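Enquirer: The opening residue of the first sequence carries number 68 in the numbering used here; numbering runs sequentially from there.
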Amino acid sequence: MASTPPHCSITATTKRYQNHPYPHNQLKDHRQTHNQNPHQRWTSNQRVSLAKPPLPPSSRNAPKPAATTTTTTTQHPQIHPTFPSFQPPKSELVSDFPGRRSTRFVSKLHFGRPRTTMGTRHTSVAQEALQNVIEYGKDERALENVLLNFESRLSGSDDYVFLLRELGNRGDCKKAICCFEFAVKRERKKNEQGKLTSAMISTLGRLGKVEMAKTVFEAALTEGYGNTVYAFSAIISAYGRNGYCNEAIKIFYSMKDYGLKPNLVTYNAVIDACGKGGVEFKRVLEIFDEMLRNGMQPDRITFNSLLAVCSKGGLWEAARSLSCEMVNRGIDQDIFTYNTLLDAVCKGGQLDMAFEIMSEMPAKNILPNVVTYSTMIDGYAKAGRLDDARNLFNEMKFLGISLDRVSYNTLLSIYAKLGRFEEAMDVCREMENSGIRKDVVTYNALLGGYGKQYKYDVVRKVFEEMKARHVSPNLLTYSTLIDVYSKGGLYREAMDVFREFKKAGLKADVVLYSALIDALCKNGLVESAVSLLDEMTKEGIRPNVVTYNSIIDAFGRPATTESVVDDAGQTSELQIESLSSSAVEKATKSLVADREDSQIIKIFGQLAAEKAGQAKNSGGQEMMCILGVFHKMHELEIKPNVVTFSAILNACSRCNSFEEASMLLEELRLFDNQVYGVAHGLLMGYRENVWEEAQSLFDEVKLMDSSTASAFYNALTDMLWHFGQKRGAQLVVLEGKRRQVWENVWSESCLDLHLMSSGAARAMVHAWLLNVRAIVFEGHEVPKLLSILTGWGKHSKVVGDSTLRRAVEALLMGMGAPFRSAKCNLGRLISTGSVVASWLRESGTLKVLVLHDDRTHQENLRFGQISNLQMLQL
DNA sequence: AACACCCACC
68 MASTPPHCSI TATTKRYQNH PYPHNQLKDH RQTHNQNPHQ RWTSNQRVSL
118 AKPPLPPSSR NAPKPAATTT TTTTQHPQIH PTFPSFQPPK SELVSDFPGR
168 RSTRFVSKLH FGRPRTTMGT RHTSVAQEAL QNVIEYGKDE RALENVLLNF
218 ESRLSGSDDY VFLLRELGNR GDCKKAICCF EFAVKRERKK NEQGKLTSAM
268 ISTLGRLGKV EMAKTVFEAA LTEGYGNTVY AFSAIISAYG RNGYCNEAIK
318 IFYSMKDYGL KPNLVTYNAV IDACGKGGVE FKRVLEIFDE MLRNGMQPDR
368 ITFNSLLAVC SKGGLWEAAR SLSCEMVNRG IDQDIFTYNT LLDAVCKGGQ
418 LDMAFEIMSE MPAKNILPNV VTYSTMIDGY AKAGRLDDAR NLFNEMKFLG
468 ISLDRVSYNT LLSIYAKLGR FEEAMDVCRE MENSGIRKDV VTYNALLGGY
518 GKQYKYDVVR KVFEEMKARH VSPNLLTYST LIDVYSKGGL YREAMDVFRE
568 FKKAGLKADV VLYSALIDAL CKNGLVESAV SLLDEMTKEG IRPNVVTYNS
618 IIDAFGRPAT TESVVDDAGQ TSELQIESLS SSAVEKATKS LVADREDSQI
668 IKIFGQLAAE KAGQAKNSGG QEMMCILGVF HKMHELEIKP NVVTFSAILN
718 ACSRCNSFEE ASMLLEELRL FDNQVYGVAH GLLMGYRENV WEEAQSLFDE
768 VKLMDSSTAS AFYNALTDML WHFGQKRGAQ LVVLEGKRRQ VWENVWSESC
818 LDLHLMSSGA ARAMVHAWLL NVRAIVFEGH EVPKLLSILT GWGKHSKVVG
868 DSTLRRAVEA LLMGMGAPFR SAKCNLGRLI STGSVVASWL RESGTLKVLV
918 LHDDRTHQEN LRFGQISNLQ MLQL
């Protein structure tokens, strides 16, 4: 039952992470984490099972919405993730949200919710002073005059704290600093100066002025009033909320050198900083343990912050344990607790459980709010369950919960990712109609969405609009642009964006480098990618598993020569031609002063040159290179995940020899014995012995999101098919089909292969045709029309260019199967039932349909016979 | 003096 989570104490959680149940299994959280120590999620057999289906919304003390929106929620996985009525018609949308303001503070600035100054101990004179400062304090002189006028009537540091906080809430950093300096200069008592300092640091932290906060903090230390636990807590928090987690931790540990003992707030601040910085849960628990050892009583905020750590890493089991522990300790849970817990459970992919938890909230007297709904809607959308997302959206509207900045951005990013730009624009319009301006998140989502659909003209326009409206691009903006441009082969644009990025004074991070490395890899330039990997390491940026996965996945990939058609109908080949070698040189020279820049600019130039048709290095060198990459990965202790394993298997499929593949499989063995055991066993034909192990592996893969899971099945099958283990490949795809890895692959009349790799698709074609044959031989009716869908290759960069289609066509032709391309749809191969039936009745057909392994072992004979028999009975 | 949801890389 969901109400009885597996571990109800912190110690149990800690222990689990030390002695996890699968010592040989290294299947890791496949999702990206942006931190330096990517979290691992040990998949577990101790999941909380959901015996009863989730409650429909009507059971949550909520008025029942229109009948059509309530009944189907979350009971079954969505087979066709469509969003048919998620977006109401424009007029309806507008009437649903007639310009209501969000109930939450709309953060147009870079700080979060403003600190409320209600209930502080300021006097009414302070109120008046504030008005005057705002109105007349135009410059430093004028401001000082205003303060001088009020000086005698303001009563002590409380009033000044109020002033600088209020000015901070208005985003007026300069005036706040002036007030602070004015007050500190006149204050004699050290502890009062300390109070002012803490308030100033905290305000600056909220404003994103972390450098200034640091300056104030250090000055206060030098002047002798800064060494208070309050000032330290404030600077830890300021660092934490601005992404300087390591600095926060450093300051925290330095406290004892100043003779200070962290208090509850300090611990809470550092744990919160860890959450924001993506520190591993295990490490944060060490801090938590220390806190307990020092006799501190953790409170609601401590637990909420710990929950946030879990949410970053999708550690839903640990999050549930924490929630239990709160109950055990008698700590009240609030809406923050629930929202953070829900986020952890959603990010852990347990949407049904999240829904159940949300359903229990009203009974606990905590009503879901706009954050709860955005969390769940985002969770459902990321899991591909768009109908469930839409149901919750409707429910939220029905309950009269207004959308806020984040929930608009959530919706927008769903549509932008799906390429449904009409609807995305409707969301934008509605957002602005309700008085919420598009912010950097909105623009980043739009840029990424349009970029991924190769709509570069729109990307350019959106980027211009963003700047015209004074929304400052951030690291994500540049990262997105560089990624989409360089993946699309628009290297000059990528280079321009990179220059602008440097001009903005931002520092490249692991994601930006990984995007560049991936672009190189996608173009077959593995060795350049490796040199950029070295470069980033030298810059002090630690690569993560994603960086390595890109490179491993690129092994043996030929340089792509296909061009990208953008929405203006121009191909990127034209772009590349226009980028003459002298232009590359010029660009390189202009930035030669900065080693890092010139390296990246050179890489862009190299990409362009490579596109022009240079040969890439020989395979032997590439193998040495890739083995070096594995070596570094071990050295840096980068933990592989399931995507790494898929990448290794894909690399094997591109090896020309068994020997080469063995070297890669050896690397797989070093990473994960179980995955290796299954892949190697099936490859060598030890089928019977490995199948049980394979089942437990598949159980774990099934816990991943659908595209990660299908990628693994695709990779494993391709590798087996490539090395002649076609029967083994077929067993894997049939297992995948049984487990619904590919949604809706198979019906009597239609085989949909569009999500499959070429090996998987071919193994599946054999199985499906054997199934049709069984229908024929049992004397049942065969559908009038049979079709095999391979897709148009819309996942490929060039519309209509589908390697999958070609592979399947060649396979069918080789077997003499009577399928032809449908005239109106290149991705569909069709035939009539009667023609296929008579072909299947031919004497030679069975022989070409039944697959065999090149390598089999005696022990498999019985197993093989049984399986073949089963095949015929399908 | 401290807490939740949205945007980038395989």
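All C-beta atoms in this analysis are idealised placements derived from N, C-alpha and C, irrespective of residue type, glycine included. Being a predicted model, the structure only gives us computed values, none of them experimental.
Taking DSSP's pairing of strands, which residues face TRP813 in a bridge?
Expert: Your numbering for residue 813 matches position 746 in the first sequence. Per DSSP, LEU818.
Enquirer: Going by Cα to Cα distance, which pick from VAL526, ASN811, VAL742 and MET880 is closest to PHE488?
Expert: One-based indexing of the first sequence puts residue 488 at position 421. Looking at the Cα atoms, VAL526 is the closest of the given residues.
Enquirer: Which of the three DSSP states, helix, strand or coil, is assigned to ASN892?
Expert: Here residue 892 refers to the residue found at position 825 of the first sequence. Strand.
Enquirer: If you compare alpha carbons, which of GLY293, TYR440, GLU462 and LEU703 is closest to ASN48?
Expert: Given that the chain is displayed from residue 68 to residue 941, the structure contains no residue 48 and the question cannot be resolved.
Enquirer: If you draw a straight line from the alpha carbon of PHE565 to that of LYS699, how long is it in whole angstroms?
Expert: Residue mapping note: residue 565 aligns to position 498 of the first sequence, counting from 1. Residue mapping note: residue 699 aligns to position 632 of the first sequence, counting from 1. Looking at the two C-alpha atoms, the distance is approximately 27 Å.
Enquirer: In three-state terms, what does DSSP make of GLN792?
Expert: Against the first sequence, residue 792 aligns to sequence position 725. In the structure shown, GLN792 sits in a strand (DSSP, three-state: E or B).
Enquirer: In angstroms, rounded to a whole number, what distance separates the CA positions of CYS413 and GLY381?
Expert: Counted from its first residue, the first sequence places residue 413 at position 346. Counted from its first residue, the first sequence places residue 381 at position 314. In a straight line, the C-alpha of CYS413 is about 7 Å away from that of GLY381.
Enquirer: State yes or no: is the C-beta of PHE370 within less than 8 Å of the C-beta of ILE398?
Expert: Here residue 370 corresponds to residue number 303 of the first sequence, with the count starting at 1. Here residue 398 corresponds to residue number 331 of the first sequence, with the count starting at 1. The answer is yes: Cβ separation under 8 Å.
Enquirer: According to DSSP, is ASP225 part of a helix, a strand, or is it coil?
Expert: Here residue 225 refers to the residue found at position 158 when the first sequence is read from its first residue. Helix at ASP225.
Enquirer: Name, in chain order, the residues that DSSP records as bridge partners for ASP920.
Expert: Residue 920 sits at position 853 when you count from the first residue of the first sequence. DSSP output for ASP920 lists GLN792 as bridge partner(s).
Enquirer: Suppose you measure from the CA of VAL494 to the CA of ILE503; what does that come to, to the nearest Å?
Expert: Position 427 of the first sequence, counting from 1, holds the residue named residue 494. Position 436 of the first sequence, counting from 1, holds the residue named residue 503. Approximately 11 Å, taken between the alpha carbons.
Enquirer: Between GLU218 and the rest of its own chain, which residues show a CB-CB distance below 6 Å, the 5 nearest in sequence each way excluded?
Expert: As a working note, residue 218 is residue 151 in the first sequence. Taken in chain order, the list of residues that qualify is empty.
Enquirer: Find out if the Cβ-Cβ distance for the pair VAL800, ALA761 is shorter than 8 Å.
Expert: Position 733 of the first sequence holds residue 800. Position 694 of the first sequence holds residue 761. No; because the gap between Cβ atoms is not below 8 Å, this pair is not in contact.
Enquirer: As a quick exercise: from ASP766, LEU750 and VAL812, pick the residue whose alpha carbon is nearest that of LEU783.
Expert: Numbered from its first residue, the first sequence carries residue 783 at position 716. That would be LEU750, whose Cα lies nearest to the Cα of LEU783.
Enquirer: Who are LEU856's beta bridge partners in DSSP?
Expert: What you label residue 856 is simply residue 789 of the first sequence in a count that begins at 1. For LEU856, which the question treats as bridged, DSSP gives the partners ASP819 and ARG895.
Enquirer: Is the beta carbon of VAL529 sitting closer than 8 Å to the one on LEU514?
Expert: Locating residue 529 in the first sequence gives position 462, where the first residue counts as 1. Locating residue 514 in the first sequence gives position 447, where the first residue counts as 1. For VAL529 and LEU514, yes; Cβs fall inside 8 Å.
Enquirer: Exposed or buried, which one is ASN432 when buried takes at least 16 other CB atoms within 10 Å?
Expert: Reading the first sequence from its first residue, position 365 is the one you call residue 432. Classification of ASN432: exposed, given that the 10 Å Cβ count is below 16.
Enquirer: Determine whether the beta carbon atoms of TYR306 and GLU314 lie at a separation below 8 Å.
Expert: Translated into positions along the first sequence, residue 306 becomes position 239. Translated into positions along the first sequence, residue 314 becomes position 247. Yes, these two residues count as a Cβ contact at 8 Å.
Enquirer: Rounded to whole angstroms, what's the CA-CA distance from MET823 to PHE886? Just pull it up for me.
Expert: Position 756 of the first sequence, counting from 1, holds the residue named residue 823. Position 819 of the first sequence, counting from 1, holds the residue named residue 886. The straight-line gap from Cα to Cα measures roughly 19 Å.
Enquirer: What did DSSP end up calling ARG496 once you bin it into helix, strand or coil?
Expert: Position 429 of the first sequence, counted from the first residue, corresponds to residue 496. It is helical.
Enquirer: For ARG887, write down the residues that DSSP places opposite it in a beta bridge.
Expert: Residue 887 sits at position 820 when you count from the first residue of the first sequence. Its beta-bridge partners are ILE897.
Enquirer: VAL437 and ASP471: beta carbons closer than 8 Å?
Expert: Residue 437 sits at position 370 when you count from the first residue of the first sequence. Residue 471 sits at position 404 when you count from the first residue of the first sequence. Yes; because the gap between Cβ atoms is below 8 Å, this pair is in contact.
Enquirer: With respect to the alpha helix (DSSP H) encompassing GLU202, which residues constitute its N-terminal and C-terminal limits?
Expert: To locate residue 202, count along the first sequence from 1; it is residue 135. Looking at the DSSP string, the run of the alpha helix (DSSP H) that includes GLU202 is 191-203.
Enquirer: Consult DSSP for ILE608 and reduce its assignment to one of helix, strand or coil.
Expert: In the first sequence, the residue the question calls residue 608 occupies position 541. Three-state DSSP puts ILE608 in coil, outside helix and strand.
Enquirer: Helix, strand or coil: how does DSSP classify HIS62 here?
Expert: Any answer about residue 62 is impossible in this case: the structure gives the chain only from 68 up to 941.
Enquirer: Run through the stretch 288-348 for me and flag every whole alpha helix (DSSP H) of 4 or more residues, listed as ranges in chain order.
Expert: The stretch 288-348 contains these whole alpha helix (DSSP H) runs: 296-308, 312-321 and 331-344.
Enquirer: Please classify ASP239: does DSSP put it in a helix, a strand, or coil?
Expert: Translated into the one-based positions of the first sequence, residue 239 becomes position 172. In the structure shown, ASP239 sits in coil (DSSP, three-state: anything other than H, G, I, E or B).
Enquirer: Where does HIS833 fall in DSSP's three states?
Expert: Position 766 of the first sequence, counted from the first residue, corresponds to residue 833. DSSP places HIS833 in helix when its eight states are reduced to three.
Enquirer: Just to confirm the assignment, what range does the alpha helix (DSSP H) spanning GLN741 have?
Expert: Position 674 of the first sequence, counting from 1, holds the residue named residue 741. Where GLN741 is concerned, the enclosing alpha helix (DSSP H) stretches over 740-751.
Enquirer: Run the CB neighbour count on GLU689, radius 10 Å, all protein chains shown included, and call it buried at 16 or more, exposed below.
Expert: By one-based count along the first sequence, residue 689 stands at place 622. When all chains shown are included, GLU689 counts as buried.
Enquirer: What did DSSP end up calling PHE712 once you bin it into helix, strand or coil?
Expert: Translated into the one-based positions of the first sequence, residue 712 becomes position 645. It is helical.
Enquirer: CB GLN797 to CB HIS833, shorter than 8 Å?
Expert: Taking the first sequence and counting its residues from 1, one reaches residue 797 at position 730. Taking the first sequence and counting its residues from 1, one reaches residue 833 at position 766. Yes. Within cutoff.
Enquirer: Once the 5 residues before and after THR711 are set aside, which same chain residues still bring their CB inside 6 Å of it?
Expert: Reading the first sequence from its first residue, position 644 is the one you call residue 711. Excluding sequence neighbours, THR711 sits near ASN616.
Enquirer: So, with DSSP's three-state summary, where would you put SER265?
Expert: The residue labelled residue 265 in the question sits at position 198 within the first sequence. Helix.
Enquirer: Quick one: what does DSSP say ASP601 is sitting in, helix, strand or coil?
Expert: In the first sequence, counting from the first residue as 1, residue 601 sits at position 534. ASP601: helix per DSSP, three-state reduction.
Enquirer: How would you label ALA430, buried or exposed, when you count the other beta carbons within 10 angstroms and need 16 or more for buried?
Expert: The residue labelled residue 430 in the question sits at position 363 within the first sequence. With fewer than 16 Cβ atoms within 10 Å of its Cβ, ALA430 is classed as exposed.
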